[in-house]
Ligand SMILES: [Zn+2]
């Protein structure tokens, strides 16, 4: 009898050790310092007061969400070229403000382009007209960014548009294409410049490990209620150093602290790369 209890204790210790040391039983969202096979690599580019997010999918396909202001075209192109790509499979203009589509004309002209998604709203700026001309010159068509559209719908990878959920908004920011990317057990949420009204209207599951904070950290977005729903382990703010809007606003940083998110900022960290194999997350930043 005593012997069998001894065996049980040994067995118990072996099981504990197995779960403790076995890597395949890693806790989800666990940050690691290296990844053998990152399937998704999201590069939040340091493009001043604007947004530009380049995504590598399985080292083969690419997505670009926004292209910052007109002065960052060469920077974005050099960055993409340095990774060895000559095609953008999915190009997304979240909304037609100059800090998001400023260099998109350059991108359209430079690369072989697959699908282009934009919300159905227009402005009469030269930047916007130039982008439409470039798209037209290359005989490309624009797909409407709208709730329910699936940009990628594969077995383990899903990229969906959660907003716009309406045809008309008072504010151009609220037309922002909001995207959720999920690969296996890891999700990213890209908010564009959407504001509180949009946060209230999204009824999909917004829970994500990583959030690209809306509107450069403005307090007109990122309500505490919404951030609690997303419950991100990591929050990325794309923002220019000493910008005239005082972004990111203190209220937003306080809310992120309250929910326990780790914050990365392009003005402080430079380019930020958040990669995943679907279970683990690796973070690399330019400025250590
Ligand atoms: Zn913006």
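Numbering (the working numbering), first residue to last: 20 to 307. Each residue gets a CB set at the ideal place from its N, CA and C atoms; glycine is no exception. Remember, it's a predicted structure, so these values are computed and weren't measured experimentally.
Check your understanding: So what does DSSP say about residue 98, is it helix, strand or coil?
Key -> helix
Practice item. Return the Cβ separation of residue 182 and residue 195 in integer angstroms, given the expectation that the two are a contact with Cβ distance under 8 angstroms. Key: 7 angstroms
Review point. Under three-state DSSP, which class holds residue 60?
Key: strand
Check your understanding: Anyone know if the C-beta pair for residue 113 and residue 245 falls short of 9 angstroms?
Key -> no
Practice item. Output the distance between the C-alpha atoms of residue 150 and residue 123, rounded to the nearest integer angstrom. Key: 6 angstroms
Exercise for review: Give me every residue whose Cβ sits closer than 7 angstroms to any heavy atom of ligand 1, in chain order.
Suggested key: 69, 70, 116, 118, 119, 212, 234 and 235
Point to revise | Inter-residue spacing [alpha-carbon to alpha-carbon] between residue 86 and residue 223 | key: 27 angstroms
Exercise for review: Identify which residue in 159, 51, 275 and 75 has its Cα closest to the Cα of residue 242.
Suggested key: 275
Exercise for review: Going by CA-CA distance only, name the one from 282, 126 and 231 that's closest to residue 89.
Suggested key: 126
Practice item. Could you check the C-alpha separation between residue 128 and residue 106 for me, to the nearest Å? Key: 11 angstroms
Review point. What first and last residue would you give for the alpha helix (DSSP H) that runs through residue 123?
Key: 123–129
Check your understanding: Are the region 225–233 and the region 250–260 touching, with three or more C-beta to C-beta distances below 8 angstroms?
Key -> yes
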